[in-house]
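The structure appears right after this line, and notes come after that.
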Amino acid sequence: MQRSGFGSDGIYRSLRPSLTLPKNPNLSLVTHLFNKVASSQTKTALIDADSNQTLNFAQLKSLTIKIAHALIHIGLKKTDVVLFLAPNSYLYPVFFLAVASIGAVASTVNPTYTITEVTKQAKDSNPKLIITVAELWEKVKHLNVPAVFLNSGTTPTTTPNVTSFESFVKLGESETKFPEIDVKQSDTAALLYSSGTTGVSKGVILTHGNFIASATMISMDDELNGDIDDVYLVVLPMFHVFGLAVITFSQLVRGNCVVSLKRFEFEVVLKTIEKFRVTKLWVVPPIILALAKHGLVDKYDLSSLKYIGSGAAPLGKELMEECAKRFPNAVVSQITDKLAYRL
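Numbering (the working numbering), first residue to last: 25 to 367.
Here it is as structure tokens:
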């Protein structure tokens, strides 16, 4: 039986088919996404578990177009940086797509950062606009940069350079087509920052091509297995590349539904899985531990889960097997060593 491994020439070869990436250099991640889901307009794209707001793919495109034109209306242009300081929500990826569609650059910030940490990233990235929420405004108001609040109907009345989401969308309300801006795969889409665990946090450039390649790679198993109509819960933060690129963008490209959750609370996660019949879940080892051992798991119908993946840190085989036994209908895997169990 043929197996993956090193050949006599010293080259490692996988039995998995080679990936084919789009060759068109004049392709943005936004164009790629909406080309892929052209036949899925009425399918649900985004669900906000906290507010119960939903968008299908047609509504996602329409709202992204309006916001893109609103960005241009306020003077934003290609290569300008937009700072994102907000928790997960269904609007987070919409604004990200709108920013990317005009060739501007999204720089995401950890909402738990101190004012000092946020200021450092802002000084390094030099944003022209801030996307945030009312409860985090104190961390950025001193920057004197125009801001849009994602919270519905909330803006400080004494701050003239802050706009509510509803008012901002009205700036592009009549538009039905994306702005005609030349955006290439080689253009920068995001400026994400390293954690700074081993030194000073640094900005990491991700191009449109990087996002497209990531989506192609991540969705390969789904393609091979013929998986369609999956529902992914984004427990991991969207400010991180895992939550933003690996889960949110990659699954939207597949035409899957992405459910956002503002913050991690274990029982809320379980309720959300049950309510929205989540089929696939990416987490980190501490959540795998809770899924394997916590008594709350038995209170909820989690039978919809067919895949639980773990990343960011190693996961022991015993814990994986224990979790798999509790979820007999699901594959439990980790991206660090590609082990998977179905027990």
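Virtual Cβ for every residue (Gly too), placed ideally from N, Cα, C. Remember, predicted model here, so these are calculated numbers, not experimental data.
Extent of the continuous beta strand (DSSP E) to which residue i belongs
i      : result
Leu-45 : Counting along the chain, Leu-45 falls outside any beta strand (DSSP E), and DSSP gives it neither H nor E.
Buried versus exposed, by CB contacts within 10 Å (16 or more), residue i
i       : result
His-166 : exposed
Asp-211 : buried
Ile-252 : exposed
Thr-138 : exposed
Ile-35  : exposed
Pro-41  : exposed
Val-228 : exposed
Lys-90  : buried
Supposed close pair residue i, residue j - CB separation, criterion 8 Å
i       : j       : result
Val-270 : Val-283 : No, Val-270 and Val-283 are not in contact; Cβ-Cβ is about 15 Å, not under 8 Å.
Phe-290 : Ala-314 : 5 Å
Ala-213 : Ala-110 : Incorrect: roughly 18 Å between the Cβ atoms, too far for contact.
His-93  : Pro-203 : 6 Å
Ser-334 : Val-307 : 6 Å
Length of the line joining the Cα atoms of residue i and residue j
i       : j       : result
Cys-347 : Lys-317 : 8 Å
Leu-115 : Pro-338 : 32 Å
Ala-364 : Thr-136 : Here Ala-364 scores only 42 on pLDDT, less than 50, and its place in the model should not be relied on; the value that follows carries that caveat. Cα-Cα distance, rounded: 33 Å.
Ser-218 : Leu-121 : 22 Å
Pro-261 : Asp-33  : 42 Å
Leu-100 : Ala-124 : 12 Å
Val-169 : Asp-322 : 48 Å
Ser-75  : Phe-235 : 28 Å
Phe-273 : Lys-349 : 31 Å
Gly-250 : Ser-243 : 10 Å
Leu-174 : Trp-161 : 11 Å
Thr-200 : Val-54  : 15 Å
Phe-189 : Gly-340 : 44 Å
Lys-102 : Thr-183 : 27 Å
Thr-78  : Phe-30  : 48 Å
Val-133 : Phe-263 : 6 Å
N- and C-terminal bounds of the alpha helix (DSSP H) containing residue i
i       : result
Lys-67  : Segment: none, Lys-67 is in no alpha helix (DSSP H) and carries neither H nor E.
Ile-139 : 139 to 149
Ile-96  : 81 to 97
Ser-125 : 115 to 125
Gln-275 : 274 to 277
Proximity of residue i and residue j at Cβ, strictly below 8 Å
i       : j       : result
Ala-146 : Thr-156 : no
Val-355 : Met-344 : no
Val-106 : Lys-152 : yes
Leu-95  : Ala-237 : no
Tyr-256 : Lys-286 : no
Ser-28  : Leu-39  : yes
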